[in-house]
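Down below is the structure, laid out as structure tokens.
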Amino acid sequence: MSTVRTYVPSGRFSGHALVTVPLLGILLGALLATAYAYITLYLPIVGAVTFLLTGGMGLLLGLGLSALLHRGKVRNRMVALALGLFVALVTFYVQWAVWSYALLRRDDVDVSFLALLLQPWALWDVINVVNQHGAWSLKGATPTGGVLWALWAVEGLLLVGLPTFLALAAVDTPYCEACESWCGQAKGVRVTDVPADGEATVLALAERDDVAALSALGEPHAGTPFVRWDLHACGCGETSTLCATRVTPTVDKQGKPGEETTVWLSHWLLQRSQASSLRAGLPRAASDEVVLSHG
Ligand SMILES: [Zn+2]
Numbered sequence: 003m004s005t006v007r008t009y010v011p012s013g014r015f016s017g018h019a020l021v022t023v024p025l026l027g028i029l030l031g032a033l034l035a036t037a038y039a040y041i042t043l044y045l046p047i048v049g050a051v052t053f054l055l056t057g058g059m060g061l062l063l064g065l066g067l068s069a070l071l072h073r074g075k076v077r078n079r080m081v082a083l084a085l086g087l088f089v090a091l092v093t094f095y096v097q098w099a100v101w102s103y104a105l106l107r108r109d110d111v112d113v114s115f116l117a118l119l120l121q122p123w124a125l126w127d128v129i130n131v132v133n134q135h136g137a138w139s140l141k142g143a144t145p146t147g148g149v150l151w152a153l154w155a156v157e158g159l160l161l162v163g164l165p166t167f168l169a170l171a172a173v174d175t176p177y178c179e180a181c182e183s184w185c186g187q188a189k190g191v192r193v194t195d196v197p198a199d200g201e202a203t204v205l206a207l208a209e210r211d212d213v214a215a216l217s218a219l220g221e222p223h224a225g226t227p228f229v230r231w232d233l234h235a236c237g238c239g240e241t242s243t244l245c246a247t248r249v250t251p252t253v254d255k256q257g258k259p260g261e262e263t264t265v266w267l268s269h270w271l272l273q274r275s276q277a278s279s280l281r282a283g284l285p286r287a288a289s290d291e292v293v294l295s296h297g
């Protein structure tokens, strides 16, 4: 078991987050859900594009939740999970109400949106009827019954799961209890060669709490895998963490360069002097490039 001293959220949160995150989160969710419901209903193409849309909707809500949780200074995983899941579930419900309403109106059924929204059982009946008859066709086939339920389940997993996951991940950003602010990130504060023992060497130097050992790893060779060290630091200098990621440069079929990444070390907690030595050791050109960005 690794004995690296790592950042652990304090578990604290501001009281107003319990009001602002659900309130503003549901407001954002309702706007996104309305746009999503109308686009998916009137979009002539069904298929991969729909799932990209679903993923995009989940991602946007997740990013919004993440920003709200940071604004509310939530450093508690259970609170972030509960707030994220609650907002995502309400948004998911609103999306069904808007979609069902828009579908019925398109078919000239006189129905009130509020009646659908405020009567879950009426909404459930509508969804069941739609499921029996099918909602759309793809290549001449109209999925109904079990197949359509399964597709809706995948959609639901993305719409609820993705924002909830991102809300939970927001708490992983280090927060400084001394200056009461989130740490900014300096990506690639060091780039080193991949040690022969790989992850084991990286974990061992973190266990020894030996930042100086980074320089012994050497410079990477162009085009070969390397280890990227990312620093998170607050304004007062009390809280700093270091992450290590193995990066493998790749080239796709179109010849576009990309990279594959594996996180080896997550938020190793540094002493004040260790963090400043890391920043002081930056080559001139690189230190000009590395700007602490919030996130
Ligand atoms: Zn601080």
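Residue numbers are given in my numbering: position 178 of the sequence shown equals residue 180, and the series is strictly consecutive.
Glycine included, each C-beta is placed from N, C-alpha and C at the ideal position.
ALA117 versus TYR95 - alpha carbon distance: 14 Å
THR250 versus GLY200 - alpha carbon distance: 13 Å
Integer Cβ distance of PRO227 from VAL196, believed to fall under 8 Å: 5 Å
Identity of the residues DSSP links to ALA246 by a beta bridge: TRP231, LEU267
Endpoints, the beta strand (DSSP E) within which ASP195 is located: 186-195
Cβ distance (whole Å) where LEU105 is taken to contact LEU43 below 8 Å: 6 Å
Cutoff 6 Å; reference PRO285; Cβ partners in own chain excluding five residues on either side: Any reading at PRO285 needs caution, since the residue's pLDDT is 48, under 50, leaving its predicted position unreliable; the model's value is listed next. Hits under 6 Å: none found.
For THR252: DSSP bridge partner residues: GLY260
Supposed contact pair VAL76 and ALA19 - C-beta distance, whole angstroms, cut 8 Å: 5 Å
LEU91 versus THR36: straight-line alpha-carbon distance, rounded: 15 Å
CA nearest to the CA of VAL111, picked from LEU120, PRO122, VAL128: VAL128
Spatial distance of ARG274 from ALA246 (CA atoms): 18 Å
Three-state class that DSSP yields for TYR177 in the structure shown: strand
Backbone secondary structure at ALA19 - three-state DSSP: helix
CB of VAL6 within 7 Å of CB of GLU209, strictly: yes
Sufficient close CB pairs (3 or more, under 8 Å) joining the segment 13-30 to the segment 60-72: yes
Euclidean distance between Cα positions of PHE53 and LEU219: 43 Å
Residue-level contact to chain C via CB, LEU45, 7 Å cutoff: Checking the listed chains, one finds no chain C in this structure; it contains a single protein chain.
Distance between HIS223 and GLU182 (C-alpha atoms, nearest Å): 40 Å
Ligand 1 heavy atom lying under 6 Å from the CB of GLY180: First, the amino acid is wrong: residue 180 is Ala here, not Gly. ALA180: yes, Cβ under 6 Å from ligand 1.
Burial state of CYS185, where buried means 16 or more other Cβ atoms lie within 10 Å: buried
Sequence-distant residues of its chain with Cβ nearer than 6 Å to PRO11 (five each side left out): ARG77, VAL173
DSSP three-state assignment for LEU272, whether helix, strand or coil: strand
First and last residue of the uninterrupted alpha helix (DSSP H) at GLY237: Counting along the chain, GLY237 falls outside any alpha helix (DSSP H), and DSSP gives it neither H nor E.
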